[in-house]
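Comments concern the structure below.
There are 2 protein chains.
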Amino acid sequence: MISKKTKYALKALIYLAREFDKGPILIADLARDERIPKKFLELILLTLKNNGILQSRKGKGGGYYLGKSPKEISMGNVIRLLEGPLAPVPCVSETAYAKCEECLDERTCGIRLMMKDVRDAIAKILDGTTLADVLERTARAEQQEKGVLHYYI
Amino acid sequence: MISKKTKYALKALIYLAREFDKGPILIADLARDERIPKKFLELILLTLKNNGILQSRKGKGGGYYLGKSPKEISMGNVIRLLEGPLAPVPCVSETAYAKCEECLDERTCGIRLMMKDVRDAIAKILDGTTLADVLERTARAEQQEKGVLHYYI
DNA sequence: AGTTTAGCCTATCGGTTTAATAGGGTTATG
DNA sequence: CATAACCCTATTAAACCGATAGGCTAAACT
Numbered sequence: 000m001i002s003k004k005t006k007y008a009l010k011a012l013i014y015l016a017r018e019f020d021k022g023p024i025l026i027a028d029l030a031r032d033e034r035i036p037k038k039f040l041e042l043i044l045l046t047l048k049n050n051g052i053l054q055s056r057k058g059k060g061g062g063y064y065l066g067k068s069p070k071e072i073s074m075g076n077v078i079r080l081l082e083g084p085l086a087p088v089p090c091v092s093e094t095a096y097a098k099c100e101e102c103l104d105e106r107t108c109g110i111r112l113m114m115k116d117v118r119d120a121i122a123k124i125l126d127g128t129t130l131a132d133v134l135e136r137t138a139r140a141e142q143q144e145k146g147v148l149h150y151y152i
Numbered sequence: 000m001i002s003k004k005t006k007y008a009l010k011a012l013i014y015l016a017r018e019f020d021k022g023p024i025l026i027a028d029l030a031r032d033e034r035i036p037k038k039f040l041e042l043i044l045l046t047l048k049n050n051g052i053l054q055s056r057k058g059k060g061g062g063y064y065l066g067k068s069p070k071e072i073s074m075g076n077v078i079r080l081l082e083g084p085l086a087p088v089p090c091v092s093e094t095a096y097a098k099c100e101e102c103l104d105e106r107t108c109g110i111r112l113m114m115k116d117v118r119d120a121i122a123k124i125l126d127g128t129t130l131a132d133v134l135e136r137t138a139r140a141e142q143q144e145k146g147v148l149h150y151y152i
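So the sequences go chain by chain: A and Z. In this text, residue positions in the first sequence follow numbering that gives the first Met the number 0: the first is 0, and each later residue adds one. In this text, residue positions in the second sequence follow numbering that gives the first Met the number 0: the first is 0, and each later residue adds one.
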């Protein structure tokens, strides 16, 4: 299960994507609208900024905004920043490989082979989905909901 | 990342599968051979037993053994017992659904739609892999290693 | 220049989870 | 009936999570 921190980050990014090209957004506004503890959100936005996902401006009229287009921000990238590697065991991670201490022979470990499949499946989806894709799916689902509502009323 | 507890469980199951139909195995032997803290292993084997994966016999000549054939033990089942739901967010879990507190409209949440894909991909692999499959992949990898070794010697 | 605004940074805290240990209790078998 | 071996509850230390506190720094407007 992913942490609240990561969920907050994703919600913040979606919020900022919706306001893309409309100038900086205040932490306070974002926190209020998405019901995220302000001080906690500060830390999250800061790490996103330090990793090139976001940019910021200080002082009056400042705030946070996307550092690049929603099409260039992959969910895999964001989740790795906040949650760590996608792999279920360190010995199959592509971005943060580490030997499993308790493993005797990594090359013939059956668990590892299975977990590699799992990691690849997760990475394929998360690295292949951009912030723009998430927005689009949301918009499509909203359209569909409206259609269903109309039908029943 | 999965916990040590789950890794220990998987190693223990593989060990017991190798000794399938050869009578009960002592916790102490398993702990020694797989380098798992004995008391910790006791708890793990107990929960596996309480969930029908293992069986045990008490008293002299006792020990643990598989409750069913390796072909009937799915990795998904085992991992869920020790690690909890496979889903990355509770709102897409099939076995332990729960509403995400912070979610305003679940039906149109783009994150949820993406996470559902992730869950399905993970579940497809883990529920589709049995203990017997893991043993077989290990055996195959060992054969290949031997072949490579032979070639180089 | 000075003041306000708003992000930047470090430290801390209570609560929960993880990994491991302790210490007996219970049950079946020889 | 003694003993081997599993069964069960409680406790611990360390790590992590979610959240908060409090000041620092930089930018902008007057």
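Virtual Cβ for every residue (Gly too), placed ideally from N, Cα, C. Since this is a predicted model, take the numbers as computed values, not measurements.
- Neighbourhood of residue 144(A) in chain Z, by CB distance below 7 Å: 106, 107, in chain order.
- Here the C-alpha atom of residue 40(Z) lies approximately 13 Å from the C-alpha atom of residue 24(Z).
- The region 58 to 72 of chain Z and the region 109 to 116 of chain Z do not touch, with fewer than three beta-carbon pairs separated by less than 8 Å.
- Neighbours of residue 120(Z) in chain A, taken as residues whose beta carbon is under 7 Å from its own, are 120, 121, 124 in chain order.
- Interface criterion met: the Cβ of residue 6(A) is under 8 Å from a Cβ in chain Z.
- For residue 31(Z), the enclosing alpha helix (DSSP H) begins and ends at 26 to 33.
- Inter-segment contact for the region 74 to 84 of chain Z and the region 41 to 54 of chain Z is present: three or more beta-carbon pairs are separated by less than 8 Å.
- The C-alpha of residue 99(A) lies about 37 Å from the C-alpha of residue 65(A).
- In this structure residue 127(Z) is exposed. Its beta-carbon is surrounded by fewer than 16 other beta-carbon atoms within 10 angstroms.
- Judged by DSSP secondary structure, residue 45(A) falls within the alpha helix (DSSP H) whose first and last residues are 37 to 49.
- Within the same chain, 24, 29, 32, 33 come within 8 Å of residue 14(A) by CB-CB distance, once the 5 residues on both sides are set aside.
- Residues of the region 64 to 84 of chain Z with a Cβ closer than 8 Å to any Cβ of chain A, in chain order: 74, 83, 84.
- With respect to the 8 Å criterion, residue 87(A) and residue 1(Z) are classified as neighbours on the basis of their beta carbons.
- Only those residues of the region 31 to 45 of chain Z whose C-beta falls short of 7 Å from the nearest C-beta of chain A are listed: 34.
- Distances from the CA of residue 6(Z) to each of 6(A), 101(A), 53(A), 51(A) were compared; the closest alpha carbon is that of 101(A).
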